[in-house]
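Everything below concerns the one structure shown next.
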Amino acid sequence: MSHHLYLLSPSDTPLYSLTHYSSKPAQTTTTSPLASNLPSWSTSAFAGTLTALSGATSATQAHHVQGGTVRIGGGQDRHVIQMIANASLDVVEEVVRKDNMMYLKSVDKFNEWTVSAFVTPGNMKFVLLHEARNDDGIKSFFHEVWELYVKTMLNPFHTAHTPIRSPVFDARVRASAKKYL
Amino acid sequence: MHAAPHPRFSVLSASAAQSSEHLSPAASSTRFSLPSAPSINTTAPASKPAPPRQTIYDRPLNKTRAAEVSASAFAFLFSEMVQYTQKRVNGINDLERRLNTLGYRVGMRVLELMSWRNEAAAKAPKREIRFLPALMSIHTQVWRAVFGKPADAIEKSVENADEYMIIDNDPPITRNISVPRDMSQLSCSSFTAGIVEAVLDGLGFPARVTAHNTPTDQLPNRTTILIKLEKSVIDREEALKT
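First to last, the sequence lines map onto chains A and B.
Residue numbers for the first sequence follow this note's numbering, so the first one is 370 and each next one is one higher.
Residue numbers for the second sequence follow this note's numbering, so the first one is 3 and each next one is one higher.
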């Protein structure tokens with residue numbers, strides 16, 4: 370089960386991104402409702418975005434429809450992930466105007482990826498793509514990332530548009546991801 | 003620096019104005035609470051080879067007793083800032099604009115840090131999305147975080163619907179500045195105006211913020227921070243009101 374985190378500046382430039390593979394057992398992901406009715410070879414295109422895009426052969430597709438964890442051999446298609454994250458920004462902007470919470474729960478859903486967002490008072494957006502539900506863990510994770518971000522921001526040389534390249538920040542975020550996700 | 007006689011007010015210990023401290027965390031041990039402080043470092047093992055240096059991520063964000071700065075130290079720094087700017091500009095407007103920019107950089111950090119200190123403990127941290135509550139929070143919380151007490155008055159202009167004013171009877175940062183008569187229009191509180199502008203920008207209410215001297219007989223240092231909101235904010239507020 371993997372998670373993708375993006376920190377976006379107020380002008381929507383990505384300042385930091387992280388991919389985290391969780392070692393926690395995946396909760397049973399619900400099979401898409403189509404899967405039961407349609408033949409396996411057609412629904413697998415919807416059930417697994419990544420396998421469909423990486424052009425998996427029909428032999429392997431049969432495994433994935435069962436709803437177990439999707440094991441992708443080799444790298445995932447990063448462009449799709451980024452596209453999903455970008456597409457969710459529209460929804461985030463809409464919710465931000467109406468809701469005065471910082472932690473916006475899940476704002477968007479795309480096949481098996483859910484997008485959760487957290488907006489800081491300084492209008493920085495933290496976007497997390499994940500597969501399974503984990504509201505409490507994600508909330509604590511965002512909280513810790515927020516704290517790390519505030520500390521980063523206190524650096525007088527850091528503006529709202531500087532990419533965050535500190536290895537300490539990276540290590541802390543990874544540790545926090547391992548703890549909560 | 004920590005001697006009792008100095009009058010102090012709590013300037014944010016980690017504000018951008020004190021840039022030298024951040025460049026060398028080891029050298030700042032005289033001012034900030036250091037190695038013995040409880041660090042928020044939870045799990046990350048120190049995989050650095052040599053003695054692990056204290057990074058900014060190890061210092062706690064909450065205010066500690068040792069984090070206050072004496073007013074005279076800040077006055078010294080501020081006077082340097084004004085002199086530095088004065089050498090490089092030609093005109094009062096430009097000077098005010100530069101001080102505004104310096105204040106903007108502080109304000110960005112004030113906003114995040116203040117929100118963190120106020121909301122981190124809460125179950126569901128909140129942000130302000132309507133203008134009037136945001137303005138009230140600036141009036142009390144920002145002023146309290148930066149100067150130690152809420153601002154003195156807050157007013158809405160009757161002539162223009164998009165102007166608001168925050169009034170401070172004796173701004174601490176200009177207390178020790180005497181302005182020559184030919185520059186009487188200058189208000190070094192443009193620095194404070196910059197802080198307010200950054201806070202409003204961060205919250206999503208772009209505005210033009212300026213500072214003006216409005217002395218009265220009893221209060222010769224009285225300063226007004228004038229906030230002129232952009233049209234988009236007014237329209238949005240109208241739409242949200244219904």
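Glycine residues also receive a C-beta, built at the ideal position from the N, C-alpha and C atoms.
As the structure is a prediction and not an experimental result, all values here were calculated from the model.
Go ahead and label B/Leu97 buried or exposed: buried means 16 or more other beta carbons lie within 10 angstroms of its beta carbon, across all protein chains shown. Buried, since its Cβ has 16 or more Cβ neighbours within 10 Å.
Would DSSP call A/Lys467 helix, strand or coil? The answer is helix: DSSP assigns A/Lys467 an H, G or I state.
By Cβ distance, which residues of its chain are closer than 7 Å to A/Thr382, with the 5 residues on each side in sequence left out? Once the five neighbours on either side are set aside, the close Cβ partners of A/Thr382 are His530.
From A/Leu387 to A/Glu513, what distance separates their C-alpha atoms? Between A/Leu387 and A/Glu513, the alpha-carbon positions lie close to 15 Å from each other.
If you drop the 5 nearest sequence neighbours on each side, which residues of the same chain put their C-beta closer than 6 Å to that of B/Asn171? So the list reads Asp154, Leu221, Arg224, once near-sequence residues are dropped.
Determine the contact status of A/Ser545 and A/Phe510, defining contact as a CB-CB distance below 7 Å. Between A/Ser545 and A/Phe510, the gap from beta carbon to beta carbon is short of 7 Å.
At which residues does the beta strand (DSSP E) containing A/Asp477 begin and terminate? That run of the beta strand (DSSP E) goes 472-479.
Applying a beta-carbon distance threshold of less than 8 Å, which residues of chain D neighbour A/Lys520? Among the chains of the structure shown, chain D does not appear; the protein chains present are A and B.
A/Met370, DSSP secondary structure in three states: DSSP places A/Met370 in coil when its eight states are reduced to three.
Name, please, each residue of chain A whose Cβ falls closer than 8 Å to the Cβ of B/Glu82. Those within 8 Å of B/Glu82 in chain A number zero; the least Cβ separation is about 15 Å.
Along chain A, in chain order, which residues have C-beta atoms closer than 9 Å to that of B/Met110? The answer, in chain order, is Gly491, Met522, Thr528, Ala529.
Check whether chain B comes within 7 Å of A/Val537, counting only Cβ atoms and requiring the distance to be less than that. At least one beta carbon of chain B lies nearer than 7 Å to the beta carbon of A/Val537.
Go ahead and label B/Ala241 buried or exposed: buried means 16 or more other beta carbons lie within 10 angstroms of its beta carbon, across all protein chains shown. A residue is called buried when at least 16 other Cβ atoms come within 10 angstroms of its Cβ; B/Ala241 does not meet this threshold and is exposed.
Length of the line joining the Cα atoms of A/Val537 and A/Met522: Spanning the two alpha carbons is a distance of roughly 14 Å.
CA-CA distance, A/Asp505 and B/Glu121? Computed Cα separation, rounded: 17 Å.
Exposed unless 16 or more other CB atoms sit within 10 angstroms - verdict on B/Phe76: Label assigned to B/Phe76: buried.
Using a threshold of 6 Å, is the CB atom of B/Ala195 nearer than that to any non-hydrogen atom of the ligand GTP? Annotation note on the ligand GTP: not contained in the displayed structure, which lists no ligands.
Is the region 474-485 of chain A touching the region 140-153 of chain B, taking contact as three or more C-beta pairs under 8 Å? Cβ pair count under 8 Å is below three, so no.
Along the region 472-492 of chain A, what residues have a CB closer than 8 Å to any CB found in chain B? Of all residues in the region 472-492 of chain A, Tyr472, Val488, Thr489, Pro490, Gly491, Asn492 have a Cβ within less than 8 Å of some Cβ in chain B.
Do you know how far the Cα of B/Arg183 is from the Cα of A/Lys520? When rounded, the separation of the alpha-carbon atoms in A/Lys520 and B/Arg183 is 43 Å.
Does the region 79-89 of chain B come into contact with the region 461-469 of chain A, if we say contact requires no fewer than three beta-carbon pairs (one atom in each stretch) closer than 8 Å? No, the region 79-89 of chain B is not in contact with the region 461-469 of chain A.
Alpha carbon of A/Ser401 to alpha carbon of A/Glu500, nearest angstrom: Summary for A/Ser401: the model assigns pLDDT 43, below 50, so the residue's position carries little reliability; its value from the coordinates is reported in the next sentence. Going from the Cα of A/Ser401 to the Cα of A/Glu500 covers about 13 Å.
So, helix, strand or coil for B/Arg119, using DSSP? Three-state DSSP puts B/Arg119 in a helix.
Cα-Cα separation, A/Trp492 to B/Glu157: In the sequence on display, residue 492 of chain A carries Asn and not Trp. Straight-line Cα distance between these residues: approximately 26 Å.
Buried or exposed: which applies to B/Val160, given that a residue is buried once 16 or more other Cβ atoms fall within 10 Å of its Cβ? A residue is called buried once 16 or more other Cβ atoms fall within 10 Å of its Cβ, and B/Val160, having fewer, is exposed.
DSSP three-state assignment for A/Ser489, whether helix, strand or coil: The sequence given here has Thr at residue 489 of chain A, not Ser. DSSP, reduced to helix, strand and coil, places A/Thr489 outside both helices and strands of the structure shown, so it counts as coil.
Closest residue to A/Asn503 among A/Pro490, A/Ala486, A/Arg541 (Cα-Cα distance): A/Asn503 has its Cα closest to that of A/Ala486, out of A/Pro490, A/Ala486, A/Arg541.
B/Phe80 versus B/Ala123, B/Phe193, B/Leu202, B/Asp237, residue with shortest Cα-Cα distance: If we check each option's Cα against that of B/Phe80, B/Phe193 comes out closest.
Would you please verify whether the beta carbon of A/Leu377 is less than 7 Å from any beta carbon of chain B? A/Leu377 does not count as touching chain B.
Is the Cβ-Cβ distance between B/Glu248 and B/Lys230 less than 7 Å? For residue 248 of chain B there is no data in the structure shown, the boundaries of chain B being 3 and 244.
Contact check, A/Leu498 vs A/His373, beta carbons under 7 Å: Yes.
Please report the distance separating the alpha-carbon of B/Val211 from that of B/Pro174. Computed Cα separation, rounded: 19 Å.
Residue environment, B/Ser1, which counts as buried when at least 16 other CB atoms sit within 10 Å: Past the boundaries of the shown model lies residue 1 of chain B; chain B is included only from 3 to 244, so the question cannot be answered.
Thinking just about the alpha-carbon of each residue, which of A/Ser371, A/Ile533, A/Tyr375, A/Tyr385 is nearest to the one in A/Ser457? Checked all of A/Ser371, A/Ile533, A/Tyr375, A/Tyr385; the closest Cα to A/Ser457 is A/Tyr375.
Neighbour-count burial assignment, B/Phe78, 16 or more Cβ in a 10 Å radius: The residue in question, B/Phe78, is exposed, as its Cβ has fewer than 16 Cβ neighbours within 10 Å.
Using 7 Å as the limit for Cβ to Cβ distance, is A/Asn455 near chain B? Not an interface residue.
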